[in-house]
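Read the structure below first, then the notes.
There are 2 protein chains.
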Amino acid sequence: MATTNIKEVAQLARVSVGTVSNVLNRPEIVSPATRERVFEAIKKLGFVRNEVARHLRAGRSRTVGLVVLDVANPFFVDVATGAEAVADDHDTMVVLCNSAGDPGRERRHLDQLEQQRVMGILITPVEAETPWLEELVARGTPVVLVDSPATGLQCSVAVDDRLGGQIAGAHLIERGHRRIVFVGGPPSIKQVADRQAGVTSAVAASGGAVELLTATAPALTVAEGRAIGERVAALPPAERPTAAFCANDMMALGFLQAMASHGLRVPADMAIIGYDDIDFAAAAAVPLSSVRQPRELLGRTAIDLLLEEVSDPEQHRHRQVIFQPDLVVRDSSAPYRSS
Amino acid sequence: MATTNIKEVAQLARVSVGTVSNVLNRPEIVSPATRERVFEAIKKLGFVRNEVARHLRAGRSRTVGLVVLDVANPFFVDVATGAEAVADDHDTMVVLCNSAGDPGRERRHLDQLEQQRVMGILITPVEAETPWLEELVARGTPVVLVDSPATGLQCSVAVDDRLGGQIAGAHLIERGHRRIVFVGGPPSIKQVADRQAGVTSAVAASGGAVELLTATAPALTVAEGRAIGERVAALPPAERPTAAFCANDMMALGFLQAMASHGLRVPADMAIIGYDDIDFAAAAAVPLSSVRQPRELLGRTAIDLLLEEVSDPEQHRHRQVIFQPDLVVRDSSAPYRSS
DNA sequence: GCAGGCTCTTGAGACGATTCAATAGTTTGC
DNA sequence: GCAAACTATTGAATCGTCTCAAGAGCCTGC
Numbered sequence: 055m056a057t058t059n060i061k062e063v064a065q066l067a068r069v070s071v072g073t074v075s076n077v078l079n080r081p082e083i084v085s086p087a088t089r090e091r092v093f094e095a096i097k098k099l100g101f102v103r104n105e106v107a108r109h110l111r112a113g114r115s116r117t118v119g120l121v122v123l124d125v126a127n128p129f130f131v132d133v134a135t136g137a138e139a140v141a142d143d144h145d146t147m148v149v150l151c152n153s154a155g156d157p158g159r160e161r162r163h164l165d166q167l168e169q170q171r172v173m174g175i176l177i178t179p180v181e182a183e184t185p186w187l188e189e190l191v192a193r194g195t196p197v198v199l200v201d202s203p204a205t206g207l208q209c210s211v212a213v214d215d216r217l218g219g220q221i222a223g224a225h226l227i228e229r230g231h232r233r234i235v236f237v238g239g240p241p242s243i244k245q246v247a248d249r250q251a252g253v254t255s256a257v258a259a260s261g262g263a264v265e266l267l268t269a270t271a272p273a274l275t276v277a278e279g280r281a282i283g284e285r286v287a288a289l290p291p292a293e294r295p296t297a298a299f300c301a302n303d304m305m306a307l308g309f310l311q312a313m314a315s316h317g318l319r320v321p322a323d324m325a326i327i328g329y330d331d332i333d334f335a336a337a338a339a340v341p342l343s344s345v346r347q348p349r350e351l352l353g354r355t356a357i358d359l360l361l362e363e364v365s366d367p368e369q370h371r372h373r374q375v376i377f378q379p380d381l382v383v384r385d386s387s388a389p390y391r392s393s
Numbered sequence: 055m056a057t058t059n060i061k062e063v064a065q066l067a068r069v070s071v072g073t074v075s076n077v078l079n080r081p082e083i084v085s086p087a088t089r090e091r092v093f094e095a096i097k098k099l100g101f102v103r104n105e106v107a108r109h110l111r112a113g114r115s116r117t118v119g120l121v122v123l124d125v126a127n128p129f130f131v132d133v134a135t136g137a138e139a140v141a142d143d144h145d146t147m148v149v150l151c152n153s154a155g156d157p158g159r160e161r162r163h164l165d166q167l168e169q170q171r172v173m174g175i176l177i178t179p180v181e182a183e184t185p186w187l188e189e190l191v192a193r194g195t196p197v198v199l200v201d202s203p204a205t206g207l208q209c210s211v212a213v214d215d216r217l218g219g220q221i222a223g224a225h226l227i228e229r230g231h232r233r234i235v236f237v238g239g240p241p242s243i244k245q246v247a248d249r250q251a252g253v254t255s256a257v258a259a260s261g262g263a264v265e266l267l268t269a270t271a272p273a274l275t276v277a278e279g280r281a282i283g284e285r286v287a288a289l290p291p292a293e294r295p296t297a298a299f300c301a302n303d304m305m306a307l308g309f310l311q312a313m314a315s316h317g318l319r320v321p322a323d324m325a326i327i328g329y330d331d332i333d334f335a336a337a338a339a340v341p342l343s344s345v346r347q348p349r350e351l352l353g354r355t356a357i358d359l360l361l362e363e364v365s366d367p368e369q370h371r372h373r374q375v376i377f378q379p380d381l382v383v384r385d386s387s388a389p390y391r392s393s
């Protein structure tokens, strides 16, 4: 451990600790000669500031927690990248925490972050109901919900998932599909529920001509997408849907793999549309159509809101920012032709 | 900010701060009645321990920094996942930092981590020469090099990249390729240099029958892989290599996309082999052959070494752990047939 | 020569939790 | 009944830094 402290520096430079602190924080008020001596002592001892002590004194840290549902999902990595870009400009550190869709892990991370007195937390919650979060906010840690609209208790940034689902559904229906499966995850995740509601409303708008099936998995991963794909592929052709709308691209990629391994052609036998438009979607076996979200912008906006709240808590009014998704059509949802 | 402190709890429970601390840390030595009163006060006030103060007092934290070359590369996400799994079992937090291949960013992250007095740092350095790192170690922060063999100054975990390159090269040669391009990144990155050395030695072993070209990019990303792919695709067919060995899967995916957009068939016109075997490699347009590394195991082993060093610095001897890569053959490197 | 105004520097008191020697109170053993 | 042993609690010191009121010099102007 770098164990040299400001006191040793002060001794070596023959000044008081207060002066060393001044050299570090307001060098202009220290005389050049003294400043030089202090710098030399710092260098000689290899002194490194103890940020922990500074925080304790200051009462607040320059760290923001970002709790995401799945670090393995590039969507969240992009959100994090956006947030970090802004944080960098504000001398702030972002610590990335992975709840992996597990409320227990989420809670442990939140506890840890609160105990560390982070400046604030950006979070994509596992569940729609978030009593811990509300307590945490009540105790004074600012929170911004990411990719999940808030109830007014705090700020949030989100993309209109209902609209996204609707766009995806309308697209598949327009392409001639009459039997569509929604490949989703736990409906407790707000985004999943909304996307499902969106596709459901698109189907309803078709006036009964289109049938919507639903498959749910415990997590939005490639493996779960593949598992559902296996089950769908195993259906007798007459019962099998001709198109799948997946709750995210990870699932879509897994679903796509299952189609391939069962000899089903995409999009001829099965059209697929994903969600998020992660970079890997375009590089997939069959380039994936997907509902695109402004990933980095979500992260940037979230931390902007947080920094705004922190810098002027009195003036701050909570805001709910909502972005629009848009559809990226690639090969996986080419027009339906009955074989 | 959760601003209630141990003192207020003590007042409300009508005990001393020492007793509150005891309730928190050694509840068994406090009488049940007192303990209960303190718990009630804690609950009533919504008291949350200040980890910063604990840390200051204790002098050491329960946090480990993990500095990676590229968070957008799932390889590193998997390494991080492995490390976090072990950390979880030791009540330790992993802070993920992204150097993005930029020495400046790397240095800023290292400074930050040192100032926060983290327990130790796991890092995949941007450059082979690492003077800052050595100073950091000299000042007392334990460091474990990840995916990069150390010089003996500290522990390291790595995969034999030279062997990996050799395996990939031998495989392509065995498949009949006589003109191979190495799609690499900055040679300052040790892994890249080693993989290149490996393929070079495989080519040398062929006794002059095989020609090896080299393309380098400033970063190991999908975009850079695509850019190199564009250049290679533009070569006259006679000069064009028939196989590409990419420094990692991200580049391979980009390279693959470029082939597709130029109408070159993989593997008929161009065989491709990647490195890392990330999950997306199997889901690519043409499933990618790749040199597999034990990704999570790297992370687990790295933090194991770190925890070992921290828990008993006297006894600890630095170790260099080296794993073996193995080849995963998929469609992208099917046998070469002259068109 | 001295008041008043500078410029630097100092030193003490937070910040919030932990630790430990000291103390008060209770039980046990004989 | 009293010393010894034990239990429960206290209070002060400590970790490393920052802040700020106060002080020490020094200069300037009259």
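Protein sequence lines, in the order shown, are assigned to chains A and B.
Sequential numbering of the first sequence, starting at 55, is according to my numbering.
Sequential numbering of the second sequence, starting at 55, is according to my numbering.
Just so it is clear, CB atoms sit at the ideal spot from N, CA and C, and this is done for glycine as well.
With contacts defined by Cβ atoms closer than 8 angstroms, B/Val276 and B/Leu307 form a contacting pair. Only residues of its own chain outside the window of five on either side were considered, and among them Val133, Leu176, Ile177, Thr178, Val211, Leu352, Ala356 have a CB closer than 7 angstroms to the CB of A/Val200, listed in chain order. Taken in chain order, the unbroken stretches of alpha helix (DSSP H) that lie wholly in the region 114-173 of chain A and span 4 residues or more are 128-143, 157-169. In this structure, A/Asp143 is the residue among A/Ala67, A/Ala256, A/Val71, A/Asp143 with its C-alpha nearest to the C-alpha of A/Asp358. Shown here, B/Glu293 sits in coil according to DSSP, grouped into three states, outside any helix or strand. Of B/Thr135, B/Gly194, B/Val131, B/Ala182, the smallest CA-CA separation from B/Glu363 is found for B/Gly194.
According to the DSSP assignment, A/Val92 belongs to the alpha helix (DSSP H) that extends over 86-99. At least 8 angstroms separates the CB of A/Pro348 from every CB of chain B.
With a beta-carbon spacing of about 7 angstroms, B/Pro272 and B/Glu278 fall inside the 8 angstroms limit used to define contacts.
Per DSSP, A/Ile357 lies in no beta strand (DSSP E); the unbroken alpha helix (DSSP H) holding it starts and ends at 349-365. Residues of chain B whose Cβ lies closer than 7 angstroms to the Cβ of A/Asp333 are, in chain order, Val276. By the Cβ rule, the region 163-176 of chain A counts as touching the region 103-112 of chain B, because three or more pairs are nearer than 8 angstroms.
Taken in chain order, the members of the region 191-225 of chain A whose beta-carbon sits within less than 8 angstroms of a beta-carbon on chain B are Ala192, Arg193, Gly194, Thr195. With a threshold of 8 angstroms between beta carbons, A/Gly328 makes no contact with chain B. For B/Ser255, the closest C-alpha among the options B/Gly223, B/Ala154, B/Leu164, B/Arg384 is that of B/Gly223.
Using beta-carbon distances, A/Gly100 counts as an interface residue toward chain B, with a partner under 8 angstroms. Looking from the CA of A/Val253, the closest CA among A/Phe299, A/Pro290, A/Val286, A/Arg232 belongs to A/Phe299. A contact is defined here as three or more CB-CB pairs under 8 angstroms, and the region 365-382 of chain A meets this definition with respect to the region 333-348 of chain A.
In its chain, beyond the 5 residues on either side, Gly136, Ala137, Ala139, Val140 have a beta carbon closer than 8 angstroms to the beta carbon of B/Arg354. Contact of B/Asn104 with chain A is assigned, a C-beta pair being separated by under 8 angstroms.
A distance below 7 angstroms between beta-carbons, with the five flanking residues on each side excluded, links B/Leu99 to the following residues of its chain, in chain order: Thr58, Glu62, Val63, Leu66. Residue contact check for A/Arg171 against chain B: a CB pair falls below 8 angstroms. Residue pairing by DSSP places A/Glu105 opposite no residue, since no beta bridge is assigned to it.
Cβ neighbours of A/Pro157 within its own chain (closer than 7 angstroms, five residues either side excluded): Val180, Glu181. The Cβ atoms of A/Gln250 and A/Gly261 lie no closer than 8 angstroms to each other. A Cβ-Cβ distance of about 14 angstroms is found for the pair B/Met304 and B/Asn152, leaving them out of contact under the 8 angstroms criterion.
For A/Gly317, the closest of A/Ala338, A/Glu188, A/Glu284 by C-alpha to C-alpha distance is A/Glu284. Restricting attention to beta strand (DSSP E) runs no shorter than 3 residues, the region 271-337 of chain B encloses them at 297-300, 325-330, ordered along the chain. Per DSSP, B/Asp215 lies in no beta strand (DSSP E) segment; the continuous alpha helix (DSSP H) that holds it begins and ends at 215-228.
Separation of B/Arg80 and B/Cys209 (C-alpha to C-alpha, rounded to the nearest whole angstrom) is 35 angstroms. In the DSSP assignment, B/Ile234 falls within the beta strand (DSSP E) that extends over 233-238.
Relative to A/Leu342, the option among A/Ala297, A/Ile60, A/Glu368 whose CA is nearest is A/Ala297. For B/Gln245, the enclosing alpha helix (DSSP H) has its first and last residue at 244-259.
In its chain, beyond the 5 residues on either side, Val63, Leu66, Ala67 have a beta carbon closer than 7 angstroms to the beta carbon of B/Ala95. Residue burial annotation: A/Pro86 is exposed, with fewer than 16 other C-beta atoms found within 10 angstroms of its C-beta. Check the Cα spacing between B/Ser202 and each of B/His109, B/Asp215, B/Arg233: the tightest is with B/Asp215.
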